[in-house]
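Peer 1: -14 is the number of the first residue of the sequence shown in my numbering; add one for each residue after it.
Cβ atoms here follow ideal geometry from the backbone N, Cα and C, with glycine treated the same way.
Treat the numbers as computed from the prediction; the structure is a model and nothing was measured.
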Amino acid sequence: MTEGNRTLLVQTVSDSGGDAAIEGDLGLNDQGCFGLAGAEGQVTVAIWPQGFDLTSDGQVRTAQGTVLEVGAPISGGGGFVAFESGYPDLASRCLPDADASAAEVVVLASVE
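1) Are the stretch 41 to 54 and the stretch 66 to 73 touching by the rule of at least three beta carbon pairs closer than 8 Å?
2) What does Ser95 pair with, by DSSP beta-bridge criteria?
3) The beta strand (DSSP E) spanning Glu8 covers which residue range?
4) Using a Cβ distance threshold of 8 Å, determine whether the stretch 51 to 68 contacts the stretch 5 to 16, with at least three qualifying pairs required.
5) Measure the alpha-carbon distance for Val28 versus Gly50 and round it to whole angstroms.
6) Assign Ala5 to buried or exposed, taking buried as 16 or more other Cβ atoms, counted over all protein chains shown, within 10 Å of its Cβ.
Here you go:
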């Protein structure tokens, strides 16, 4: 889903891709896609659990209605998959061409 120049990728089926513990800060990459920011500021695009959406001003809202600001700590469970091979249409929207073949996406099953 997109609001203004911000995009939030949300699962359409309940398929987590894994249940590993995942932590990071809510980040926004140069293409306007939300993900998890690492310690060095790089953003790994995320596919969020069902029920997440964007507010009218482009902020992330959880399934419980909590609005998250960029930089908010995120923890949950999920897994990493190759972005381009697993989600080619989404990868072309959220990654610069040079990064597409090597990039991973984090598929979040849950966010606490």
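Peer 2: Based on what the coordinates show:
1) Proximity of the stretch 41 to 54 to the stretch 66 to 73 falls short of the contact definition, fewer than three beta-carbon pairs being nearer than 8 Å.
2) Taking the first residue of the sequence shown as 1, we reach residue 95 at position 110. According to the DSSP secondary-structure assignment, Ser95 is paired through a beta bridge with Gly62.
3) Residue mapping note: residue 8 aligns to position 23 of the sequence shown, counting from 1. Residues 5 to 13.
4) Output reads yes: the stretch 5 to 16 touches the stretch 51 to 68.
5) Against the sequence shown, residue 28 aligns to sequence position 43. Against the sequence shown, residue 50 aligns to sequence position 65. Their backbone Cα atoms lie some 24 Å apart in a straight line.
6) For the purposes of this step, residue 5 is taken as residue 20 along the sequence shown, with counting starting at 1. Ala5 is classed as exposed because its beta carbon has fewer than 16 other beta carbons within 10 Å across all chains shown.
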